[in-house]
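Asker:
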Amino acid sequence: MKKFISKIVNKTNVIAVILSLLIFMSFIIFILPQEAAKSEAFGLMESIDTSFIYTADDLYRIADSYGEEGRAFYIRQRFTFDLIWPVAYTQFLLISSAYFYKKTKLLKASYLLYASLIAAGFDYLENIMASIVLFRFPQTTPIIADMTGIMTLLKWSTLSVSFLILIFLMVVGTVTQLKQRFTQ
102 MKKFISKIVN KTNVIAVILS LLIFMSFIIF ILPQEAAKSE AFGLMESIDT SFIYTADDLY
162 RIADSYGEEG RAFYIRQRFT FDLIWPVAYT QFLLISSAYF YKKTKLLKAS YLLYASLIAA
222 GFDYLENIMA SIVLFRFPQT TPIIADMTGI MTLLKWSTLS VSFLILIFLM VVGTVTQLKQ
282 RFTQ
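Using this note's numbering, you'd call the opening residue of the sequence shown number 102 and step up by one each time.
#1: Tell me where the alpha helix (DSSP H) around Leu160 begins and ends.
#2: Based on Cα-Cα distance, which residue from Lys112, Thr253, Phe223 lies nearest to Ala199?
#3: Given that a residue counts as buried once 16 or more other Cβ atoms are within 10 Å of its Cβ, and exposed if not, what is Lys209?
#4: Which of the three DSSP states, helix, strand or coil, is assigned to Asn114?
#5: Alpha carbon to alpha carbon, what distance is there between Asp165 and Ser232?
#6: Under DSSP, the alpha helix (DSSP H) around Met248 begins and ends at which residues?
#7: Work out the CA separation of Leu160 and Ile245 for me, nearest whole Å.
#8: By the three-class DSSP mapping on this structure, what secondary structure does Ser152 have?
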């Protein structure tokens, strides 16, 4: 994994950052609203994925409110759109953070770049676990149902940290670059 991060840092340039931003923004502007409209058409008013934390009871209540067709749609969506969405936000966060990390001269801080990959991992775990619970519903899935809410909390927490890391690296990288220009 260290080699992968090192390769990203070494190969990242401003063009890669712009392309990753365009991909990320395209998802936010075009694809997310379409997916939200599809969910709404199925009557999925309350979303599992956008909650910060929930209990197994909340998950079962939401599964019940979706109905059979809604649950089938939710599962399909997890294994189509929601396979790509984490890639879209992770590539933006990783490439942008790597670009600004290079500018910071904080050589011992490369571990910060793992945050977005960890967030994507929690997102995939959340999707798999929620899909299992919804697929088995009305049967209960005790351990998995309990863990799903925790995966969601961890996803949102690490994703938030990833954006904070990006902002931190942008500020430190910009200040470092300005200092170098003014001291030459």
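Backbone N, C-alpha and C fix where the C-beta goes; we use that ideal spot for every residue, glycine too. Values in this document were obtained by computation on a predicted structure and should not be read as measured data.
Answerer: Taking the geometry as given:
#1: 157-179
#2: Ranking Lys112, Thr253, Phe223 by CA distance to the CA of Ala199 puts Lys112 first.
#3: Sixteen is the threshold: since fewer than 16 other Cβ atoms of the shown chains lie within 10 Å of the Cβ of Lys209, the residue is exposed.
#4: coil
#5: 13 Å
#6: 243-284
#7: Using only the alpha carbons, I get a separation of about 11 Å.
#8: coil
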